[in-house]
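For what it's worth, the working numbering labels the leading residue of the sequence shown as 171, then goes sequentially.
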Amino acid sequence: MQDPFFTKEKRKKSSGMLAADAWLDSSLYDSGQSLGRGWTRFQDFMSIFHVSGFKRLVVEIVSDGLSFLAIGCVLMVALALPAFDATATGEFNKAEDYSVVFLDRFGTEIGRRGIRSDDSVPLADMPDYLIKATLATEDRRFYDHFGIDVVGTLRALVSNAGGDSGTQGGSSITQQLAKNLFLSSERTLERKIIEAFLAVWLEWHYSKDDILKLYFDNAYMGGGNFGVVAASDYYFGKKVQDISLAEAAMLSGLFKAPTRYAPHVDLAAARGRANLVLSNMVAASFLTEGQVTAARRHPATPIDRVADANSPNYFLDWAFVEAKTLIESHDHSTNNFVVRTTIDTTLQKYAEEAVISTVREGTERYDVEQAAMVVTDTSGAIRAMVGGVDYGKSQFNRAIVSNRQPGSAYKVFVYAEAMEQLGLTPNDHITDRPVCIGDWCPQNYGRNYKGSVTLASAFAQSLNTVAVTLSIKTGREPVAALSHRMGLQADYPVTRSLALGVASVSVLDMASSYAVMANDGLKTPAFGITRMSTLDGEPVYELDPNAARERVLSQTTVANMNSMLRGVVTGGTGRRADVPGVPVLGKSGTTSSYRDAWFCGFTGNYVAAVWFGNDDYHPTNTLTGGTLPAIAFQKFMAYAHTNIAIRPVFGVDFVPEPPMLAEADGVEETVPERPPSLTPEAARKLVILTDLFKAGQDEGSVTTQASAPLPPAVEEL
């Protein structure tokens, strides 16, 4: 029980703590009051800017607009950085800084590649109607816009959306110049954005006349010509100052599509385009209809460029790339060169005729549109190259692009590796039976099996299961390695279906690979250039014909492979390739879905690889390598072996028939060689001359007097 008289004494609080507590309370209170008063003053100040109704809508739009403007500025700077980089060096693109004259194997000029450029004519000296024709077609508001023709771009978009091909594009002249000077020709959104920034940069740094002069001097005009000055001389043989209105219209029509509308490629298309340019000039009010009437009635006629059109253009395009590689690897003091090539113009014509005629004959039946052929001699010198059926319509060289599967033509690598590694011979037996690698089970073309067969028979019949069986025994990696040593350059994945030709190859590489077996097993890469010098005769490059070559296949393997390749032609899938009196060897190839058809082979004189197919990869109508490709191969070989000595093939028991020679007393019997470039017209003239000489000798009235009248036949020559 608590003592009622006890009183607990309370401890007194410290006066310091009370003071701190009071200060904290008062400080918090005062701060809150100050913030409240400050907020009130801020609200009073902001009330000055308060708007409502329609004014509030305007303010919101302006505010959002400024925000988006800031974001847009940051984005524009980011997009403009590549354009800043492009102009940082202060240098323009070089169109092509080499000019190369190409000669055939006999020293006759066959074409030129590189630039023809001339910027010596000032804009003021160029014809006024050339400038107006260009502006009317390419950029009618050139002198009004800031580098980008917004109106023209919108018009082009509307026209394209309506399905109209149109005659004017969306890019201004300044944009086109920006692309020519700084960018590549790829068509991407990124490039178009950079192009637009560069166009504005050009407008800031150059006057309109300067931009137009640069455009006239740097635009590609077809035929290897850059600029209107060079194009005027090339197409019309005139100075640009002397061209007519019709010729100016034709030149102006080349800017957008120089390859398509070049008059030496398609004169009708060039004249149609020129007529459209004249209509544009009238529509732009630069000329009246009466002023262009004479130009319509008398269209421009270019000088004869038949020799250029008939040049081996696919080969020249490839040889130009090879020549530039050689030029860049040697020191030189000039940009003008002369290149001696290996091409034989007569064989080139034979190859073109064989390919084009065969495609035309089989287009409807087999649904095939394109073909390519490469011909070399047995040492690898390229004698003919056909990259497509029409160079004027498509310059894409199908002979050098490594994107096609060779099918059974690849089996030479499989069998050669089996003979090298396992010591097999054509007479050895192997069982043709079902074979599987995992869940993949290949089948033969006829979906049946032959049982025990010799390697020679399996190869001639192109049995798929036998090739796969051999690849299992040797390993697929060694097969792929051998194919690269023999001539295939493109890398490809080594898959279980490799033995059936699932690899990326080119026609050129297949010719090089088969040339190994035609050249005693030595590595035989295809080559097209034997000599290069400057225009002044200074040597730049010389091929060494005696350079050592790597042995790829043993002579035993070469003899065995050649024996089996001969069997393909005499009793296998390549019978259509046989040429009477000539030891022809080869192998056909057909890919799945009939997308590609091949025939590759050789004689003792020439090696050839032929491909048939379609550019868009759509399947043909059951076209096999033993049909059209073999036929084209046979046509060429029949032409090429006319009037030449037929050489034997190592490992093939074939004795060519001796040539029929006329008897002549005291004259050594030799096999006549086919003239190097004898055209049908030249042959006709030679026959006429021969008859005339014989007639003159019979009559004893041959005269050398200049005043003697010429017979009509001679006058015709």
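Glycine is no exception: its CB is placed at the ideal position from the N, C-alpha and C atoms.
So which of 860, 558, 681 has the shortest CA-CA distance to residue 658? In terms of Cα proximity to residue 658, the closest of 860, 558, 681 is 681.
Assign residue 197 to one of three DSSP states: helix, strand, or coil. Reduced to three states, the DSSP call for residue 197 is helix.
Within this structure, are the beta carbons of residue 805 and residue 524 separated by less than 8 Å? Against a cut-off of 8 Å, the Cβ pair of residue 524 and residue 805 comes out as a contact.
Collapsed DSSP secondary structure at residue 220 in the structure displayed: Residue 220: coil per DSSP, three-state reduction.
Keeping to the same chain, check which residues put their C-beta closer than 6 Å to that of residue 552; ignore five residues upstream and five downstream. Take residue 552, set aside five residues on each side of it, and the residues of its chain with a beta-carbon closer than 6 Å to its own are 512, 546, 696, 698, in chain order.
If we count the other Cβ atoms within 10 Å of its Cβ and call it buried at 16 or more, is residue 193 buried or exposed? Looking at its Cβ environment, which holds fewer than 16 other Cβ atoms inside 10 Å, residue 193 is exposed.
Would you kindly work out how many angstroms separate the C-alpha atoms of residue 770 and residue 591, rounded to a whole number? For residue 770 and residue 591, the distance between alpha carbons rounds to 24 Å.
Applying the 10 Å Cβ sphere with the 16-neighbour rule, what's the burial state of residue 409? Label assigned to residue 409: exposed.
On the criterion of 16 or more Cβ atoms from any shown chain inside 10 Å, does residue 195 qualify as buried, or is it exposed? Classification for residue 195: exposed.
So, under 8 Å CB-CB, residue 515 and residue 280 are touching, yes? Tell me the CB distance rounded to an integer number of Å. Between residue 515 and residue 280 a beta carbon distance of about 6 Å is seen, short of the 8 Å cut, so the two are scored as contacting.
In the segment 649-728, which residue ranges form an unbroken alpha helix (DSSP H) of at least 4 residues, counting only runs that do not cross its ends? Segments of the alpha helix (DSSP H) lying fully in the segment 649-728: 677-688.
Collapsed DSSP secondary structure at residue 770 in the structure displayed: Residue state, collapsed to three classes: strand.
Compare the beta carbon distance of residue 268 and residue 480 with 8 Å and say whether it is the shorter of the two. Their beta carbons are not under 8 Å apart, which means residue 268 does not touch residue 480 by this criterion.
Looking at the unbroken alpha helix (DSSP H) that takes in residue 589, where does it start and where does it end? Residues 581-592.
With H, G and I counted as helix, E and B as strand and the rest as coil, what does DSSP make of residue 543? In the structure shown, residue 543 sits in a strand (DSSP, three-state: E or B).
Measuring alpha carbon to alpha carbon, tell me which residue in 736, 273, 439, 765 is nearest residue 818. With distances taken between CA atoms, residue 818 lies nearest to 736 out of 736, 273, 439, 765.
The segment 394-409 in contact with the segment 421-432 per 3-pair CB rule at 8 Å: By the Cβ rule, the segment 394-409 counts as touching the segment 421-432, because three or more pairs are nearer than 8 Å.
Nearest-angstrom beta carbon gap, residue 310 and residue 464 [assumed within contact, 8 Å]: So it is not a contact: roughly 23 Å between Cβ atoms.
May I have the straight-line CA-CA distance separating residue 820 from residue 719, to the nearest angstrom? Approximately 18 Å, taken between the alpha carbons.
Mapping DSSP to helix, strand and coil, what is residue 187? If DSSP states are grouped into helix, strand and coil, residue 187 belongs with the helices.
Rank 520, 205, 708, 604 by C-alpha distance to the C-alpha of residue 803 and give the top, closest one. The shortest Cα separation from residue 803 among 520, 205, 708, 604 belongs to 520.
Rounded straight-line distance, which links the Cα of residue 317 to that of residue 235: Straight-line Cα distance between these residues: approximately 25 Å.
Cα-Cα separation, residue 747 to residue 740: Rounded to the nearest angstrom, the two C-alpha atoms are 9 Å apart.
How many angstroms separate the CA atom of residue 704 from the CA atom of residue 488? If you draw a straight line from the Cα of residue 704 to the Cα of residue 488, it comes to about 20 Å.
Going by the DSSP bridge assignment, what does residue 622 pair with across the sheet? The bridge partners DSSP lists for residue 622 are 601.
Per DSSP, residue 273 is paired with what? DSSP output for residue 273 lists 279, 510 as bridge partner(s).
What's the call for residue 372, buried or exposed, on a 16-neighbour Cβ count within 10 Å? Buried, because 16 or more other Cβ atoms sit within 10 Å of the Cβ of residue 372.
Please determine, among 628, 610, 793, 604, the residue with the shortest C-alpha to C-alpha distance to residue 617. Among 628, 610, 793, 604, the Cα nearest to that of residue 617 is on 604.
Indicate the three-state DSSP secondary structure (helix, strand or coil) for residue 790 in the structure shown. Three-state DSSP puts residue 790 in coil, outside helix and strand.
Short check: CB of residue 486 to CB of residue 276, under 8 Å? Not in contact: residue 486 and residue 276 (Cβ atoms no closer than 8 Å).
Starting from residue 778, trace the beta strand (DSSP E) both ways and give me its first and last residue. For residue 778, the uninterrupted beta strand (DSSP E) run begins and ends at 776-783, by DSSP.
Using a Cβ-based criterion (distance less than 7 Å to any ligand heavy atom), does residue 282 qualify as near the ligand ZN? With respect to the ligand ZN, the structure offers nothing, as it holds no ligand at all.
Name the residue from 671, 587, 427 whose alpha carbon lies nearest to the alpha carbon of residue 562. Looking at the Cα atoms, 427 is the closest of the given residues.
Can you tell me which of 431, 780, 623, 346 puts its alpha carbon nearest to the alpha carbon of residue 383? When 431, 780, 623, 346 are compared, the shortest CA-CA separation from residue 383 is found for 346.
When we look at the beta-carbon of residue 365 and count the other beta-carbons within 10 Å, is it buried (16 or more) or exposed? Counting every other CB atom within 10 Å of its CB across the protein chains shown gives residue 365 a total of 16 or more, marking it as buried.
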